[in-house]
Each structure stands twice: as structure tokens, then as C-alpha cells.
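Chains A and B, in that order, give the protein sequences.
Residue 202 in my numbering sits at position 202 of the first sequence; the count goes up by one each step and never skips.
Residue 359 in my numbering sits at position 63 of the second sequence; the count goes up by one each step and never skips.
I have placed the structure first, in the form of C-alpha cells, so that the comments after it can refer back to it.
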Amino acid sequence: MRKKTKNSFNQATAPILFLLPNMIIFSVFIIIPAFQGLRMAAYEWGILSTPHYIGWSNFLEMLKDTVFWKTFANTLIYSLFSVPLLVIVALLFAYFLQDNSMKGVRVYRSLFYIPSLLSMITVGIAWRFLLGDDMGIVNYLIRFMGSQGVHWLTESGTAMLSIILITVWAGAGYFMVIMIAGFQAIPQDLYEAARIDGASPRETFWKITIPMLRGTILVTLVLATISSFKAYELIIVTTGGGPGYATKFIVQQVYQAAFMEDRMGYASMMSIVLMILISVITLFQFAITGKKQDYE
Amino acid sequence: MNNRGIPFTLYALITFLAVATVSPIIWVVLSSFKSQSELFTVPLRLFPTNWTVSNYVAAVRQGNFLRYFSNTVFVAVTATLITVTINLMAGYALAKYKFPGREAIFTIMLATLMIPLQVIMVPIFLQLKTLGLLNSLWGIIIPPAATPTGIFLARQYLQTVPDSLIEAARIDGAGEFFIFRKVIVPLAKPIIATIAIFSFMWRWNDYLWPLIVITDNRKQTMQQALANFVGQLQINWSSLLAMTTIAIIPMIVVFLLFQKHFMTGITSGAIKG
Chain A
1 MRKKTKNSFN
11 QATAPILFLL
21 PNMIIFSVFI
31 IIPAFQGLRM
41 AAYEWGILST
51 PHYIGWSNFL
61 EMLKDTVFWK
71 TFANTLIYSL
81 FSVPLLVIVA
91 LLFAYFLQDN
101 SMKGVRVYRS
111 LFYIPSLLSM
121 ITVGIAWRFL
131 LGDDMGIVNY
141 LIRFMGSQGV
151 HWLTESGTAM
161 LSIILITVWA
171 GAGYFMVIMI
181 AGFQAIPQDL
191 YEAARIDGAS
201 PRETFWKITI
211 PMLRGTILVT
221 LVLATISSFK
231 AYELIIVTTG
241 GGPGYATKFI
251 VQQVYQAAFM
261 EDRMGYASMM
271 SIVLMILISV
281 ITLFQFAITG
291 KKQDYE
Chain B
297 MNNRGIPFTL
307 YALITFLAVA
317 TVSPIIWVVL
327 SSFKSQSELF
337 TVPLRLFPTN
347 WTVSNYVAAV
357 RQGNFLRYFS
367 NTVFVAVTAT
377 LITVTINLMA
387 GYALAKYKFP
397 GREAIFTIML
407 ATLMIPLQVI
417 MVPIFLQLKT
427 LGLLNSLWGI
437 IIPPAATPTG
447 IFLARQYLQT
457 VPDSLIEAAR
467 IDGAGEFFIF
477 RKVIVPLAKP
487 IIATIAIFSF
497 MWRWNDYLWP
507 LIVITDNRKQ
517 TMQQALANFV
527 GQLQINWSSL
537 LAMTTIAIIP
547 MIVVFLLFQK
557 HFMTGITSGA
567 IKG
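Now the structure itself:
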């Protein structure tokens with residue numbers, strides 16, 4: 001009898017103990033800092049000075065801060081172009097490589113996935129080496145074919161384009177894997193029925209494949225959008241945000257204000273804008289995946 | 297799509313795209329074996345005319361590279377052990393115990409996905425400062441060790457373990473921690489492998505956490521060192537390419553060894569979570 005009481009006591013406390021390490025970490029390093037960040041936005045806060053309350057001043061300053069809105073616009077432009085490109089490229093790769101019985105399919109999938117294994121720092125270094133103005137292999141090949149070299153990372157217009165294309169190169173394989181799972185989850189009898197009804201491959205693709213993939217496509221769109229808002233590493237090793245402010249994004253602006261200019265309150269204010277962007281997209285993701293699970 | 301229906305031209309196109317995708321990496325790796333004088337000598341050649349490891353020798357000898365490397369290994373290994381342990385424990389609690397507030401706790405844990413480090417860099421920095429974790433490798437290891445995706449994967453997987461197995465162990469008089477260690481952990485090996493691989497990869501490649509936590513040069517990780525190296529006025533490409541290759545190769549090896557786990561990890565994490 002005594003043993004049994006001891007056991008049921010254990011059964012009540014065990015889950016709490018199992019959850020404790022995670023709950024402590026989440027509280028101390030995410031939840032408390034998140035509220036602290038909200039509070040700091042109303043302060044003039046620096047390591048070198050005593051914080052003091054300034055109400056809405058940071059907010060008003062942010063509204064007039066043209067550099068911040070430039071980085072905000074840059075982030076949105078980067079997101080607007082890189083995300084759809086990523087999803088389309090991943091969709092194409094996955095479309096051709098969905099069939100497990102295709103010869104060599106595993107090798108092809110691996111080759112497309114390999115760039116996703118690299119950190120964005122090493123991705124940036126690799127491309128900076130390849131896209132060098134004078135000595136890069138890309139310009140070398142372009143000149144070899146008789147054209148002029150391009151200032152891939154050192155001219156405003158092309159720098160943003162290069163960053164977008166590098167992002168697609170680095171991420172397409174990852175999203176391809178998600179898409180392949182989506183393709184494979186489509187019931188084969190739908191294709192069978194379409195074939196019997198005499199549907200052309202094109203009709204089958206637009207009328208069956210794409211509608212059935214809608215959930216997967218939405219999830220990849222959301223994941224890619226969130227990661228585009230967080231972009232930082234790639235920029236600092238390729239363009240450093242330049243030339244001028246051409247490729248400077250929100251995260252870099254926040255980092256600079258907080259850790260180089262010691263304006264932590266103002267940096268927190270800018271972070272809130274980023275937090276709102278990311279939260280909205282994440283809630284949207286939960287809504288989709290929630291619906292998808294109900295459907296299943 | 298039908299296997300026999302794939303025409304030769306399509307194979308050719310896919311092959312071309314696949315080669316184009318990996319060629320930048322191959323170019324970097326091969327260039328790291330070229331001597332400094334050959335690196336930018338026109339005409340550029342794919343393969344080094346004289347293979348040399350002098351760039352690697354120089355990279356290892358120069359500055360603190362070995363220290364960056366061992367810091368990175370220490371962080372990646374320790375963090376992975378902690379992450380796997382605590383995420384599996386949490387996933388087990390959420391999958392197999394009934395207690396008030398279970399759903400609320402799960403929801404809160406998932407909701408922390410809305411607050412990535414990029415958004416709370418500043419208050420995190422102050423928190424680490426208060427706790428004395430700045431400039432300590434533990435400051436990189438502990439805060440990101442609890443991951444919502446890891447908990448989610450563990451919970452999802454452990455929900456498939458039959459309750460009768462746990463009940464039987466309890467009737468035999470086994471304590472709760474004993475059951476976790478001797479019954480659950482052996483059953484969870486596949487998901488442990490998946491979480492471990494992704495954790496290790498993420499830690500190996502991570503840049504932002506070390507950037508916030510570490511300023512002391514001797515405590516930096518490889519990704520930090522690489523970024524600093526690029527920031528210099530005159531980039532020493534020979535050494536940099538060797539270091540970059542050293543940072544890339546372990547990831548590719550891990551991938552080739554555990555391919556199956558990559559595919560399951562990405563799909564279950566992304567589609568359902």
C-alpha cells in the first residue's frame with residue numbers, strides 16, 4: 001500500500017519535473033525578455049547611462065527616422081521577391097523529383113539540398129568569392145564570353161538582386177523536401193481518375209496537383225517569409241548593408257542601434273515592428289496548420 | 297508522375313541544374329587547395345595545378361583558429377545533449393501524462409516561436425548580463441537549448457507509445473524517472489536521432505547567439521571568426537577559403553551519414569508544426 005501512494009505522488013509531480021527545464025528556459029530567456037523589450041521601448045536606455053522614461057518619444061522618433069523606414073522597405077522588397085521565387089523553384093524541383101522510383105532520385109534530391117546545409121555566413125563568403133568584381137569566377141566567365149563584368153555586390157540595384165538570388169540558391173533545397181512530402185501525400189487514385197477521364201498532364205497539374213498542394217504551399221510561404229524578415233548574416237558578410245543603405249535590413253539596423261550606438265531603448269522600439277510582422281505571419285501559420293489537422 | 301514518362305531531355309535539364317547548384321561549393325573547396333599565387337591567376341582553372349594544403353596549415357597556425365574550432369565543437373555537442381534530454385522529457389510529459397494546464401503549457405511553448413532571437417536581442421543581452429552569462433560558452437549553450445520544434449517532434453512521436461507499456465512498468469514497481477530512462481528513451485531512438493542532428497547542425501552554423509553573447513576573442517565560435525575575417529580591409533582569401541571549407545565539410549558528412557533523418561525531420565517539423 002505504501003508503495004502505491006508513493007507512486008501516485010510521483011505520477012503527479014513527474015510531468016512537472018519533466019517540463020521544468022524547458023519552462024525555466026522559456027520564461028527566463030524568451031517570455032521575460034519579450035516583456036522587458038516592450039518596456040524598454042518607452043525608455044532612453046543605454047549601457048553607459050542610467051535609463052530614464054521618455055514615453056512615446058522613441059515611437060515618434062521612429063516615425064520620422066528615414067533610415068529605419070528605408071531598412072523596413074528593403075526588408076519587405078527582399079521578402080516580396082525572394083519568397084515567391086524560393087517557393088516556385090522548390091515547387092519545380094519537387095515536381096520533377098517527387099517519384100521515389102525515379103532513377104537516381106535520391107542523388108538529385110541530395111544535390112539540391114546540399115546548399116541548405118551551409119550557414120548563411122559560409123554561403124555569403126562563398127558567393128562573395130564567386131561574385132568578386134575583378135577576380136570572381138562569375139565575372140571571369142562573363143568576360144570570357146565577351147561581355148562586361150557586373151558589380152554584383154557593389155552597386156545598389158544589382159546588390160539587392162544578388163542577395164535575393166543567393167537566398168534562393170541557399171534555401172530552395174530545404175523547401176523542396178517539404179514540397180516532395182506534399183506531392184507524395186496526394187492520393188494516387190485522384191491521378192488515376194483524371195487519367196481515365198482523359199485529362200491532359202497540364203489539366204491534371206492545375207486542377208489536381210496545385211489545389212491538393214495548397215496547404216503545403218502556404219506553409220512554405222509562411223516559413224520563407226518569417227526567415228526573410230530575420231535576414232542578417234548573409235548581408236553582413238556580402239554587402240555589409242551597402243552600398244549606402246541599399247541592402248540594409250531591419251535586424252541590422254536594430255543591432256547597430258543597440259550594440260554600436262548604445263541606444264537600446266530605441267532599438268527595442270524598432271524590434272517591436274519586427275515582432276509584429278513575425279507574430280502576424282506565425283499566427284497565420286498556426287491557423288493554416290490547425291485547419292489542415294482538422295481536415296485530416 | 298510516371299517514371300517511364302520522364303524523357304531524356306528532362307534528365308539532362310535536372311542534371312544540369314543539380315550540377316549548377318553544387319558547383320559554387322565545389323569551386324570554393326577546390327580553390328582552397330590552390331596556392332595563394334594561383335588563386336587569382338588568369339586563366340582560372342577548376343582544378344589546382346599544384347595541390348597544396350598550405351592554406352590549411354596557415355589557417356590552423358594563424359591566430360586562434362583551433363580555439364574557435366574547439367569552442368564550436370564544445371558548444372554544438374553540449375547543447376545537443378542538453379536539447380535532446382530536456383526536449384524529450386518535455387515531449388514525454390506532454391504526450392503521456394494527464395494534468396491540469398497541459399494544453400495551455402503546450403500552446404505557450406509553441407507560441408514562443410513568434411519571438412525569435414532577432415526580435416529580443418537587446419533584452420536578451422541585458423538578461424545574460426544580469427545572470428553573468430556574457431562571454432561564457434554556457435551563455436550560448438543554455439538559452440536556446442529549449443526548442444519548441446524539438447518538444448513538438450518528441451511529443452508527436454511519443455504519443456504513439458502504447459499506454460499499456462508504461463502501465464505494466466508501473467505495476468512492476470518502476471518509478472517515473474526509471475520508466476523514462478529504461479522504457480521511453482530506448483523506444484524514442486529515431487526521434488532522438490532526428491532532434492540531435494538538427495540541433496547539432498543549427499548550433500554548428502549559428503552566428504547570432506554567439507554574436508550577442510561573446511565579445512572575448514578567445515571564446516568566439518567559427519562562424520563568428522569567419523564573419524570577422526570577412527570584415528577585414530584586405531581579405532586573405534586563401535586562408536578564408538580553407539577555414540570556410542573546414543566549417544562546411546562536417547555538415548555535409550553529417551548529412552550523408554543521416555540522410556533519412558533529414559527528410560523525416562524537415563517534413564514532420566514543417567508540415568505539422
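Even for Gly, the Cβ is constructed at its ideal location relative to N, Cα and C.
The structure presented is a predicted model; accordingly, all values stated were derived computationally and were not measured.
message: Can you find the residues in the same chain that come closer than 6 Å, C-beta to C-beta, to A287/A, ignoring five residues on each side of it along the sequence?
response: Residue 287/A sits at position 287 when you count from the first residue of the first sequence. Around A287/A, the same chain offers no residue with a beta carbon nearer than 6 Å, after the five sequence neighbours per side are excluded.
- request: Note down, in chain order, all residues in the region 347–371 of chain B with a beta-carbon under 7 Å from any beta-carbon belonging to chain A.
  value: So the list is empty, because no residue satisfies the distance condition.
message: I'd like to know if S439/B contacts chain A, where contact means its C-beta is closer than 8 Å to some C-beta of that chain.
response: On the second sequence, position 143 is the one that residue 439/B refers to. It is Pro, not Ser, that sits at residue 439/B in the sequence shown. At least one CB atom of chain A sits nearer than 8 Å to the CB of P439/B.
message: Quick check on the DSSP output: the alpha helix (DSSP H) that includes R143/A runs from which residue to which?
response: The residue labelled residue 143/A in the question sits at position 143 within the first sequence. For R143/A, the enclosing alpha helix (DSSP H) begins and ends at 137–144.
query: Below 8 Å between beta carbons: does that hold for I166/A and F229/A?
result: Here residue 166/A refers to the residue found at position 166 when the first sequence is read from its first residue. Here residue 229/A refers to the residue found at position 229 when the first sequence is read from its first residue. Cβ distance not < 8 Å, so I166/A and F229/A don't count as in contact.
message: Does any residue of chain A have a CB that is nearer than 8 Å to the CB of Q519/B?
response: On the second sequence, position 223 is the one that residue 519/B refers to. At least one CB of chain A lies nearer than 8 Å to the CB of Q519/B.
field: Reduced DSSP secondary structure (H/G/I, E/B, other) of E155/A
entry: Taking the first sequence and counting its residues from 1, one reaches residue 155/A at position 155. In this structure, DSSP gives E155/A a state outside helix and strand, which the three-state scheme calls coil.
message: Please identify, using Cβ separations under 9 Å, the residues of the region 327–347 of chain B that lie next to chain A, in order along the chain.
response: Here the close residues are S327, L335, F336, V338, P339, L340.
query: Which chain A residues are close to E472/B, counting only those with a beta carbon under 7 Å from its beta carbon?
result: Translated into positions along the second sequence, residue 472/B becomes position 176. Within 7 Å of the CB of E472/B, the CB atoms of chain A belong to N10, Q11, A14, in sequence order along the chain.
message: So that I know if they touch, is there some Cβ in chain A lying closer than 8 Å to that of P482/B?
response: By 1-based counting over the second sequence, the position of residue 482/B is 186. Closer than 8 Å: no.
field: Delimiting residues of the alpha helix (DSSP H) encompassing Q188/A
entry: On the first sequence, residue 188/A is found 188 positions in, with the first residue counted as 1. Counting along the chain, the alpha helix (DSSP H) containing Q188/A begins and ends at 188–196.
- prompt: Do you know whose CA, among L536/B, I382/B, Q414/B, lies nearest R357/B's CA?
  reply: Counting from 1 along the second sequence, the entry for residue 357/B is found at position 61. The residue with the shortest Cα to Cα distance from R357/B is L536/B.
query: Any C-beta of chain B sitting closer than 8 Å to the C-beta of I22/A?
result: Taking the first sequence and counting its residues from 1, the one referred to as residue 22/A is at position 22. Note on identity: in this sequence residue 22/A is Asn, with Ile being the wrong assignment. At least one CB of chain B lies nearer than 8 Å to the CB of N22/A.
Where P412/B meets chain A, residues with beta-carbon distance less than 7 Å: Reading the second sequence from its first residue, position 116 is the one you call residue 412/B. Within 7 Å Cβ-Cβ: K230, I278.
message: In whole angstroms, give me the CA-to-CA distance for V67/A and M212/A.
response: In the first sequence, the residue the question calls residue 67/A occupies position 67. In the first sequence, the residue the question calls residue 212/A occupies position 212. The straight-line gap from Cα to Cα measures roughly 43 Å.
Distance between A258/A and I510/B (C-alpha atoms, nearest Å): Working through the second sequence from its first residue, we reach residue 510/B at position 214. Working through the first sequence from its first residue, we reach residue 258/A at position 258. Computed Cα separation, rounded: 15 Å.
Segments assigned alpha helix (DSSP H), at least 4 residues, entirely inside the region 17–96 of chain A: The qualifying runs are 32–40, 57–64, 66–96.
Span separating the alpha-carbon of L20/A from that of G428/B: Residue mapping note: residue 20/A aligns to position 20 of the first sequence, counting from 1. Residue mapping note: residue 428/B aligns to position 132 of the second sequence, counting from 1. Taking the straight line from one Cα to the other gives about 22 Å.
message: Output needed for I47/A: all residues of its chain with C-beta closer than 6 Å, excluding positions within five of it in sequence on either side, in chain order.
response: Mapped onto the first sequence, residue 47/A falls at position 47. Taken in chain order, the residues that qualify are D262.
query: In chain order, which continuous runs of the alpha helix (DSSP H) of length 4 or greater are located wholly inside the region 396–473 of chain B?
result: Unbroken alpha helix (DSSP H) runs of no fewer than 4 residues, entirely contained in the region 396–473 of chain B, are found at 398–407, 413–426, 433–437, 444–454, 459–467, following chain order.
message: On the CB-based measure, 16 or more other CB atoms within 10 Å of its CB, does M410/B come out buried or exposed?
response: Counted from its first residue, the second sequence places residue 410/B at position 114. Looking at its Cβ environment, which holds 16 or more other Cβ atoms inside 10 Å, M410/B is buried.
task: Measure the alpha-carbon distance for Q530/B versus T345/B and round it to whole angstroms.
output: Counted from its first residue, the second sequence places residue 530/B at position 234. Counted from its first residue, the second sequence places residue 345/B at position 49. Cα-Cα distance, rounded: 25 Å.
- request: Tell me, please, whether the CB atom of T374/B is closer than 8 Å to any CB atom in chain A?
  value: Start at 1 with the first residue of the second sequence, and residue 374/B comes out as number 78. Output row for T374/B: interface = no.
task: Name, going along the chain, the residues of the region 88–102 of chain A whose beta-carbon falls closer than 7 Å to a beta-carbon of chain B.
output: Listed by position, the residues of the region 88–102 of chain A near chain B (Cβ gap below 7 Å) are F96, Q98, D99, S101, M102.
- request: Give the interface partners of G37/A over in chain B, defined as CB-CB distance under 7 Å, in chain order.
  value: Taking the first residue of the first sequence as position 1, residue 37/A is located at position 37. Contacts between G37/A and chain B, judged by CB atoms closer than 7 Å, involve I416, V418, P419 in chain order.
- prompt: In the structure shown, what three-state DSSP assignment does F304/B receive?
  reply: As a position in the second sequence, residue 304/B is number 8, starting the count at 1. In this structure, DSSP gives F304/B a helical state, which the three-state scheme calls helix.
Status (buried if at least 16 other CB within 10 Å, exposed otherwise) for D134/A: In the first sequence, counting from the first residue as 1, residue 134/A sits at position 134. Of the residues assessed, D134/A falls on the exposed side of the cut-off, its CB having fewer than 16 other CB atoms within 10 angstroms.
- request: Quick one: grab the DSSP three-state call for W347/B.
  value: As a first step, residue 347/B must be located in the second sequence, where it is residue number 51. In the three-state DSSP reduction, W347/B falls in the coil class, being neither helix nor strand.
task: Closer than 7 Å by beta-carbon distance: list the chain A residues that pair up with V324/B, in chain order.
output: Mapped onto the second sequence, residue 324/B falls at position 28. Per Cβ cutoff of 7 Å: A126, F129.
field: Closest by C-alpha distance to G265/A, when choosing among D189/A, I114/A, D197/A, Y43/A
entry: For this step, residue 265/A is matched to residue 265 along the first sequence. Residue Y43/A is the option with its Cα nearest to G265/A.
- request: State the DSSP-derived secondary structure class of Y232/A, mapped to helix, strand or coil.
  value: As a working mapping, residue 232/A is identified with position 232 in the first sequence. Reduced to three states, the DSSP call for Y232/A is coil.
message: With a threshold of 8 Å between beta-carbons, can V150/A be considered close to chain B, or not?
response: By one-based count along the first sequence, residue 150/A stands at place 150. Using a CB distance cut-off of 8 Å, V150/A does not count as an interface residue toward chain B.
query: For T408/B and chain A, any beta-carbon pair shorter than 8 Å?
result: Start at 1 with the first residue of the second sequence, and residue 408/B comes out as number 112. For T408/B, the closest Cβ of chain A is nearer than 8 Å.
query: Are the C-beta of L449/B and some C-beta of chain A separated by less than 8 Å?
result: Counted from its first residue, the second sequence places residue 449/B at position 153. No, because no Cβ of chain A sits closer than 8 Å to the Cβ of L449/B.
query: Under 8 Å between the Cβ atoms of G37/A and P439/B?
result: Residue 37/A sits at position 37 when you count from the first residue of the first sequence. Residue 439/B sits at position 143 when you count from the first residue of the second sequence. P439/B is positioned such that its CB atom lies no closer than 8 Å to that of G37/A.
C-alpha gap between N22/A and V373/B, whole angstroms: Locating residue 22/A in the first sequence gives position 22, counting from the first residue. Locating residue 373/B in the second sequence gives position 77, counting from the first residue. Going by the C-alpha atoms only, they are around 19 Å apart.
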